[in-house]
Amino acid sequence: MPDRVSHEEEGPIEAAFLPYGRQEIGDSDIKAVIEALCSGWLTAGPRVSEFEKAFAAHCGAAEGVAVNSGTAALHCAMRAIQVQPGDEVIVPAITFAASANAALYEGARPVFADVEADSLLIDPVSVAMKITPKTRAIVAVDYAGQPADYEALHELVRGRGIAIIADACHAPGATYKGRSTGTLADISCFSFHPVKHLTTCEGGMALTQHAGMAAHMRRFRNHGIDSDHRSREASGAHAYDMAELGFNYRLPDVQCALGMAQLARLSGWVAARQRIAALYDEALASLAEVTPLKTHADRTNAHHLYVVKLAEHVDRDRAFARLRAEGIGANVHYAPVHLHSHYRKLGYGPGLAPVAEAAAKKILTLPMFPAMAASDVARVAAALERATA
Numbered sequence: 388m389p390d391r392v393s394h395e396e397e398g399p400i401e402a403a404f405l406p407y408g409r410q411e412i413g414d415s416d417i418k419a420v421i422e423a424l425c426s427g428w429l430t431a432g433p434r435v436s437e438f439e440k441a442f443a444a445h446c447g448a449a450e451g452v453a454v455n456s457g458t459a460a461l462h463c464a465m466r467a468i469q470v471q472p473g474d475e476v477i478v479p480a481i482t483f484a485a486s487a488n489a490a491l492y493e494g495a496r497p498v499f500a501d502v503e504a505d506s507l508l509i510d511p512v513s514v515a516m517k518i519t520p521k522t523r524a525i526v527a528v529d530y531a532g533q534p535a536d537y538e539a540l541h542e543l544v545r546g547r548g549i550a551i552i553a554d555a556c557h558a559p560g561a562t563y564k565g566r567s568t569g570t571l572a573d574i575s576c577f578s579f580h581p582v583k584h585l586t587t588c589e590g591g592m593a594l595t596q597h598a599g600m601a602a603h604m605r606r607f608r609n610h611g612i613d614s615d616h617r618s619r620e621a622s623g624a625h626a627y628d629m630a631e632l633g634f635n636y637r638l639p640d641v642q643c644a645l646g647m648a649q650l651a652r653l654s655g656w657v658a659a660r661q662r663i664a665a666l667y668d669e670a671l672a673s674l675a676e677v678t679p680l681k682t683h684a685d686r687t688n689a690h691h692l693y694v695v696k697l698a699e700h701v702d703r704d705r706a707f708a709r710l711r712a713e714g715i716g717a718n719v720h721y722a723p724v725h726l727h728s729h730y731r732k733l734g735y736g737p738g739l740a741p742v743a744e745a746a747a748k749k750i751l752t753l754p755m756f757p758a759m760a761a762s763d764v765a766r767v768a769a770a771l772e773r774a775t776a
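In our numbering, each number is its position in the sequence shown, counted from 1, plus 387.
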């Protein structure tokens, strides 16, 4: 039986509203979930490690630690590299709040670096200016699906005891200088939220080459306990020890089953996103008011998002409203984290990242998901031309 939804379908998405992102659930996904429900293991069972190994192998990493969100993966990473209260963690100003919040969870202080104007990736020049003796880690966000400049970042931290965490939630399947995301940092974090490349409903994973860090994250996701129910069942033991204060960040077997079924189609979905991005590039090439973000020549882009910058004279919020009125699910990713109310209460404010602050007023996210047809892209491009006129 064929999957119910496929990125290979030829027809346009039916009409009234075109969302900025959408997952695909097919019969193979449903079958995998039903099998998991009937297996006797709903959580902490064999499908967790199967999914961890499969996703890690797909990305070329040695170890995978499945958790219940990308945010949990980032928090596990902070604990694994032993971020402490008073430490500083450098984060790009344009990202989802979780990239910075994970540092706060461990009592550290986020320090906001600026971004490159043409790609909105973390700017290594700005990072270099933000490093202090208190810097414990840099969170490199693979914004919109394009890897950050890891070579430059590794050069900055060489010999300084500073870890690099990749927030690769936008970028499974992308590459940097021939290397896959998941292998570019000390720990790489992924999200399986429904609008991401593959979904487990909610979920995430941390990848690393370091067995010790992986073991620490597995303990931390399980309340800080050194074993789980399945391992105790297998050994006929009942005793366990809580070695540290942890959290319940476990990802259930049922969701891992869905992730395994989705993983089989990930490469095709990444290719579809790249095809759609190429169609957008062509359709928008003659629009002077619109500039797509740059993809660097030494990288491939997995295109979680397709983000454009609008010309200075174009009112972004007016264009956003016009697109929405035409049934185009435009969005904005993101407002600078340091300008959110919670961060203002912590003493952050305007002026910390001027490039990011200026760009955030001019960016729009256009619909991007594998089932889009060429006619959907043409519809968005035509509506965007009217919205920016």
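All residues carry an ideal CB built from backbone N, CA and C; glycine is no exception.
Applying the criterion that 16 or more other CB atoms from any shown protein chain within 10 Å of the CB defines a buried residue, is residue i buried or exposed?
{"i": "residue 533", "result": "buried"}
{"i": "residue 404", "result": "exposed"}
{"i": "residue 645", "result": "buried"}
{"i": "residue 473", "result": "exposed"}
{"i": "residue 776", "result": "exposed"}
{"i": "residue 656", "result": "buried"}
{"i": "residue 469", "result": "exposed"}
{"i": "residue 476", "result": "buried"}
{"i": "residue 687", "result": "buried"}
{"i": "residue 512", "result": "exposed"}
{"i": "residue 654", "result": "exposed"}
{"i": "residue 583", "result": "buried"}
{"i": "residue 712", "result": "exposed"}
{"i": "residue 501", "result": "buried"}
{"i": "residue 519", "result": "exposed"}
{"i": "residue 777", "result": "The requested residue 777 does not occur in the structure, where the chain is confined to residues 388 to 776."}
With DSSP collapsed to three states, give me the class of residue i.
{"i": "residue 517", "result": "helix"}
{"i": "residue 654", "result": "helix"}
{"i": "residue 581", "result": "coil"}
{"i": "residue 697", "result": "strand"}
{"i": "residue 433", "result": "helix"}
{"i": "residue 463", "result": "helix"}
{"i": "residue 716", "result": "coil"}
{"i": "residue 421", "result": "helix"}
{"i": "residue 408", "result": "coil"}
{"i": "residue 415", "result": "helix"}
{"i": "residue 755", "result": "coil"}
{"i": "residue 606", "result": "helix"}
{"i": "residue 627", "result": "coil"}
{"i": "residue 598", "result": "helix"}
{"i": "residue 553", "result": "strand"}
{"i": "residue 438", "result": "helix"}
{"i": "residue 663", "result": "helix"}
{"i": "residue 451", "result": "strand"}
{"i": "residue 760", "result": "coil"}
Going by Cα to Cα distance, which pick from the options is closest to residue i?
{"i": "residue 471", "options": "714, 457, 494", "result": "494"}
{"i": "residue 581", "options": "755, 467, 443, 408", "result": "408"}
{"i": "residue 643", "options": "436, 413, 412", "result": "436"}
{"i": "residue 539", "options": "571, 717, 548, 656", "result": "571"}
{"i": "residue 588", "options": "595, 725, 579", "result": "579"}
{"i": "residue 574", "options": "556, 531, 564, 742", "result": "556"}
{"i": "residue 612", "options": "760, 726, 737, 628", "result": "628"}
{"i": "residue 609", "options": "734, 492, 567, 463", "result": "463"}
{"i": "residue 650", "options": "771, 427, 440, 721", "result": "440"}
{"i": "residue 592", "options": "569, 599, 598", "result": "569"}
{"i": "residue 681", "options": "762, 675, 696", "result": "696"}
{"i": "residue 685", "options": "652, 525, 565", "result": "565"}
{"i": "residue 756", "options": "547, 523, 717", "result": "717"}
{"i": "residue 490", "options": "459, 675, 517, 504", "result": "459"}
{"i": "residue 516", "options": "543, 531, 691", "result": "543"}
{"i": "residue 349", "options": "531, 504, 465", "result": "No statement about residue 349 is possible, as the shown extent of the chain runs from 388 to 776 and does not include it."}
If you draw a straight line from the alpha carbon of residue i to that of residue j, how long is it in whole angstroms?
{"i": "residue 683", "j": "residue 429", "result": "43 Å"}
{"i": "residue 483", "j": "residue 639", "result": "25 Å"}
{"i": "residue 689", "j": "residue 605", "result": "28 Å"}
{"i": "residue 664", "j": "residue 693", "result": "7 Å"}
{"i": "residue 485", "j": "residue 594", "result": "17 Å"}
{"i": "residue 729", "j": "residue 746", "result": "21 Å"}
{"i": "residue 602", "j": "residue 549", "result": "20 Å"}
{"i": "residue 667", "j": "residue 585", "result": "22 Å"}
{"i": "residue 541", "j": "residue 551", "result": "8 Å"}
{"i": "residue 779", "j": "residue 624", "result": "Residue 779 lies beyond the range of the chain shown here (388 to 776); nothing can be said about it."}
{"i": "residue 698", "j": "residue 488", "result": "32 Å"}
{"i": "residue 479", "j": "residue 721", "result": "11 Å"}
{"i": "residue 506", "j": "residue 529", "result": "10 Å"}
{"i": "residue 723", "j": "residue 768", "result": "26 Å"}
{"i": "residue 774", "j": "residue 631", "result": "54 Å"}
{"i": "residue 509", "j": "residue 481", "result": "8 Å"}
{"i": "residue 677", "j": "residue 766", "result": "15 Å"}
{"i": "residue 758", "j": "residue 406", "result": "11 Å"}
Could you tell me whether any non-hydrogen atom of the ligand ADP is closer than 7 Å to the CB of residue i?
{"i": "residue 588", "result": "For the structure depicted, the ligand ADP is absent and the ligand set is empty, with no information on it obtainable."}
Evaluate the contact criterion for the region 652-666 versus the region 552-563: three or more CB pairs, one atom per stretch, below 8 Å.
Segments in contact, yes.
Taking 8 Å as the cut-off, does the region 415-424 touch the region 442-460 (at least 3 CB pairs, one atom from each stretch)?
Touching, no.
Counting beta carbon pairs with one atom in the region 695-712 and one in the region 745-754, are three or more of them shorter than 8 Å?
At 8 Å Cβ cutoff, the stretches touch.
Quick check: the region 453-466 against the region 622-637, are at least 3 beta-carbon pairs closer than 8 Å?
yes
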